[in-house]
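Data first, discussion second: the structure below is written as structure tokens.
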Amino acid sequence: MTRAWISLGSNIEPEENLRAALALLEARFGPLVVSPVYRTAAEGFEGDDFLNLVVGIDTGEPLHAVRGALRAIEEARGRVRGSEKFSSRTLDLDLLTWNELVDPALGLPRDEILEYAFVLGPLADVAPDERHPVAGRTY
């Protein structure tokens, strides 16, 4: 089994979209490890506050299947992909880690873990003793 950590964020109807995302993730992957929810200001643009959290899954599915499932959940909740990195979103699901895999081409571990408190904070809440695969420090 692989332990994967996934960040969730939304600033468009965030309570509804995050609740639905958690239900869809649990239906697909089984029981989740769920962090507290953090409210954070929009980063890099003017917009409504985001609600952010991190979930852990244990899965036997391959990496590409999990990534595909995350994208399908985003799209099911109305996610429209545009060219702007920093913009309002119905739902943003990012695969943060895949066990201890370090693969820059796949973006693993995700750089945002060490760049943004809205990712690191929730991850530290649910995985305080795990170590970042590159930095070697606990979350």
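Number 53 in the working numbering belongs to position 31 of the sequence shown; there are no gaps in the numbering.
Yeah, the Cβ is synthetic: ideal placement off N, Cα and C, and Gly gets one too.
Nearest-angstrom Cα separation, counted from residue j out to residue i
{"i": "L85", "j": "E37", "result": "28 Å"}
{"i": "L46", "j": "A157", "result": "32 Å"}
{"i": "R41", "j": "V59", "result": "11 Å"}
{"i": "E68", "j": "G143", "result": "22 Å"}
{"i": "S110", "j": "T24", "result": "31 Å"}
{"i": "H154", "j": "D71", "result": "27 Å"}
{"i": "A49", "j": "E83", "result": "14 Å"}
{"i": "L130", "j": "T119", "result": "6 Å"}
{"i": "R103", "j": "G90", "result": "15 Å"}
{"i": "L145", "j": "S57", "result": "7 Å"}
{"i": "F140", "j": "R132", "result": "13 Å"}
{"i": "R61", "j": "E137", "result": "17 Å"}
{"i": "A87", "j": "I28", "result": "14 Å"}
{"i": "A63", "j": "G52", "result": "31 Å"}
Assumed close pair residue i, residue j - CB separation to whole angstroms, cut-off 8 Å
{"i": "V76", "j": "V124", "result": "In fact, because the Cβ distance is near 19 Å, the residues do not count as touching under 8 Å."}
Residue i - partner residues in DSSP beta bridges
{"i": "L73", "result": "S32, R61"}
{"i": "D80", "result": "R25"}
{"i": "V56", "result": "V77"}
{"i": "L115", "result": "L30"}
{"i": "L40", "result": "Paired residues: none, contrary to the question."}
{"i": "D147", "result": "Partner(s): none; D147 has no beta bridge."}
Cβ-based neighbour list, residue i, same chain, cut-off 7 Å, excluding 5 preceding and 5 following
{"i": "D151", "result": "T160"}
{"i": "N121", "result": "T24, R25"}
{"i": "I135", "result": "L118, V141, L142, L145, H154"}
Test item: CB-CB of residue i and residue j under 8 Å
{"i": "L128", "j": "A26", "result": "no"}
{"i": "I34", "j": "L54", "result": "no"}
Close beta carbons around residue i, own chain, < 6 Å, minus the five adjacent residues each side
{"i": "L113", "result": "S32, N39, A43, E96, R99, R101"}
{"i": "G66", "result": "F108"}
{"i": "L92", "result": "L115"}
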